[in-house]
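I have placed the structure first, in the form of structure tokens, so that the comments after it can refer back to it.
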Amino acid sequence: MSTADLLPLAIAIPLIGAAFSALVGSRLPRVATDLLVTVWAAAGVADLVVLWLRTGDGRAVSWLGGWRLRHGESVGIVLVNDRIGIGLALLTAVLVLAVIAYSWRYFDEPPAEHAGTFPALILLFDAGMCGFALTGDLFNAFVFFELMGAVAYALTGFRIEDPRPLQGALTFGVINSLAAYGSLLGIGLLYARTGELGFAQISQKLTGHRADALLLTAFVLVLTGPLVKGAVAPFHFWLPDAHAVAPTPVCMLLSGVMVELGVYGAARIYWIVFSGPHGIPQHVFHDTFVAAGVLTALVGAVMCWKQRNLKRMLAFSTVSHVGMFLVGLALLTPEATAGTALYVAGHAGAKAALFGVTGALLDRFGSVDEHSLYGRGRELPVGGVLFVLGGLALAGLPPFGTALGKAVAEHAAQSHSPWLLAVFVLASAATGAAVLRAALRVFAGAGRRPLDRHEVPETTGGGEEPEIRGPSRRVPLPMLAVPALLLAGSLAVGLLPAVSTQLAQAARLFTDRVGYVAAVYGHSHAAGMPPAADWTAEGIALGLTSVALAVAFACAALWAAPRGGGAHRVVAPLRRLHSGHMGDYVGWLIVGVAVLLVAVRAQL
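Take the sequence shown: its letter number 308 is residue 308 in full-length UniProt numbering, and every next letter is one higher.
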């Protein structure tokens, strides 16, 4: 089988698996259904592993149905990618396999007619995310984007007997659908201008046009969908609300890979479609999205620190790290892109593991409230160790992949804007500290017993329904084994030199617009030298500094004397912005699009 044949298979395998699971899941014993879905997920991973190995330091191109370019024009659908896109699809498939294994005992007593529904939706989610990562066609990116979103809405509100997941899914669906409509309108504008939908073909057609009002409007509208899906401030409000009510396995995918796909999509579309000689200048993208990334990182870090609901805490941690990912990609250098790719891979394992352990707490105690769980986690010592390791990984402890990626991105940021180092260090320290504080309170009973402050509105996370019935029994082995393996994967990203070497070369290709276009048109193009993506003394020192700050912040929260309400007065307005009201979030979506449009226009 050729490399070109493996690209569509990465999408077809989970699609067929989802259909098969939905058809036969209710007719098979539970064990057989779990085994069948696991085999489908493993087949998708195997296909992408072979594709990764065969692609090497080049690009894979597949024209579906054989509808290739003729005289520089096409009506066919093209899948084209380098190891950044293929690696992201592989990361998606691996996390889906992990989530399916985690969910072997997720539903003890599902209705017989729904036995195959949940795994079928997970496989559909896999197909949508892989398709979005691999496509080279703007309209089909929208199609996969919507498939991914529609399934995510259904998964978020899967427990229809509880109104809270339905409310979270509705907010998730409305905000992301509005953003998707904006992207579709932008795609229509580009099609009207160029008559093409492929990334490379649009790029070529735009070469003869200047960056006028139509191109500027299309740029902002097309990126609105990925930025909302990526939870970039001020488009992030839906994310914590969805995480707070979604089933734990779904949270593992939302934070582990879906929001990262949004940031990836924004960067990929800009590099190929809009970064040409007559497109949106690189300094405009750089300045606008570095600012957006810094805002996202800081807002996420502050809100993460102020949470006591563990799911919302981890969701805001994701927002903060997304901000750092966006900064790395907005630097528009191969080195920063390589660092971001490593950071994303390490973060996926650590964050999914933390959600996995949180799910074990929820199933054991019926709560994800840090305060009410004080000391009760002593019954789960393995979970406590995993939670602490996850917090240290988020803080940037070497040799986790998060630390290596952060170090490489920090080095790239230092050469452009040295003050960005402080953003990376403080944001990673604050998010890691929040997790460490929760871990010490819940699993060790450390510090004073926290008191409720009724004058401060909080989402506690108490009184939740256990996701696995019968919480008096032992926690099922997969619910702790899978997080352990995910953390081991995050560690492997930082320890295996082959991973960083290959992602560095992939980053060079990712930032090479001319080479991408040449590959689609069947021409050869020599890529430049890959950037360095190795451990350095400076990177290790910055990682240890972040960890030291995280430990200090966590200890201060646990044992330092409580202070006055000054911090509350500063943070309270930010809390009020996260109101949970859909109308407010729609308003912020409109404001964000308007600000983005003005910011880009002002720099042209």
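Ideal placement from N, C-alpha and C gives every residue a C-beta, glycine not left out.
Give the secondary structure of residue i by DSSP, where H, G and I count as helix, E and B as strand, and everything else as coil.
i    : result
R70  : strand
S524 : coil
T536 : coil
D137 : strand
V75  : coil
V174 : helix
F20  : helix
S417 : coil
H209 : coil
T333 : coil
V37  : helix
F118 : helix
H236 : coil
G262 : helix
R474 : coil
E109 : Since pLDDT at E109 reaches only 46, below the 50 mark, its modelled position is unreliable, and no value is offered.
H321 : helix
G383 : helix
D512 : coil
P14  : helix
Y181 : helix
I590 : helix
G445 : coil
V598 : helix
F132 : helix
S275 : coil
G25  : helix
R159 : coil
H243 : helix
A145 : One point to set straight first is that residue 145 is Phe, not Ala, in the sequence displayed. Correct three-state label for F145: helix.
G489 : helix
M252 : helix
F424 : helix
A484 : helix
Contact criterion: CB-CB distance below 8 Å. Does residue i meet it with respect to chain C?
i    : result
D241 : Among the chains in the structure shown there is no chain C, since it carries only a single protein chain.
Would residue i pass as a contact of residue j if the rule is Cβ separation under 8 Å?
i    : j    : result
Q603 : V232 : no
V263 : M129 : no
A353 : L386 : yes
V222 : I269 : yes
Y516 : P450 : no
W305 : A438 : no
L404 : A413 : no
H236 : E335 : no
L134 : L15  : no
A200 : V475 : no
T224 : H278 : no
T358 : L314 : yes
G276 : R513 : yes
F316 : V344 : no
P226 : A266 : yes
A41  : V96  : yes
I280 : V600 : yes
Which residue or residues does DSSP assign as beta-bridge partners of residue i?
i    : result
V61  : V80
N309 : D369
G198 : D137
Can you find the residues in the same chain that come closer than 6 Å, C-beta to C-beta, to residue i, ignoring five residues on each side of it along the sequence?
i    : result
P119 : S21, V37
L491 : F400
G592 : P234, F235
P110 : Bear in mind that the predicted position of P110 carries a pLDDT of just 49, short of 50, making it unreliable; the figure below should be weighed with that in mind. Cβ within range, chain order: n/a, list empty.
Ignore the nearest five residues each way along the sequence and tell me which others in residue i's own chain have a CB closer than 7 Å to its CB.
i    : result
A429 : A395, S546, L549, A550, F553
L9   : D47
V99  : I122, P249, M252, L253
I187 : L138, F139, F142, V222
P466 : Because the pLDDT of P466 is 48, which lies under 50, any placement of that residue in the model is unreliable, and the question is left without a value.
F355 : T248, C251, M252, S255, L314
A360 : L380, G383, V475, M479, L480
Can residue i be considered in contact with the ligand PLP, in the sense that its beta carbon sits closer than 7 Å to one or more heavy atoms?
i    : result
F139 : Inclusion of the ligand PLP in the displayed structure is not the case, the ligand content being empty and no account of it being possible.
- prompt: So does the region 18–32 actually touch the region 62–82, counting three or more Cβ pairs closer than 8 Å?
  reply: no
query: Just checking, does the region 334–341 make contact with the region 498–515 on the three C-beta pairs under 8 Å criterion?
result: yes
task: Inspect the CB distances between the region 166–176 and the region 579–597 and report whether three or more fall short of 8 Å.
output: yes
field: Validate contact between the region 286–305 and the region 241–248 using beta carbons, cut 8 Å, 3 pairs
entry: no
- prompt: Counting pairs of beta carbons, one from the region 198–216 and one from the region 48–67, are three or more of them closer than 8 Å?
  reply: no
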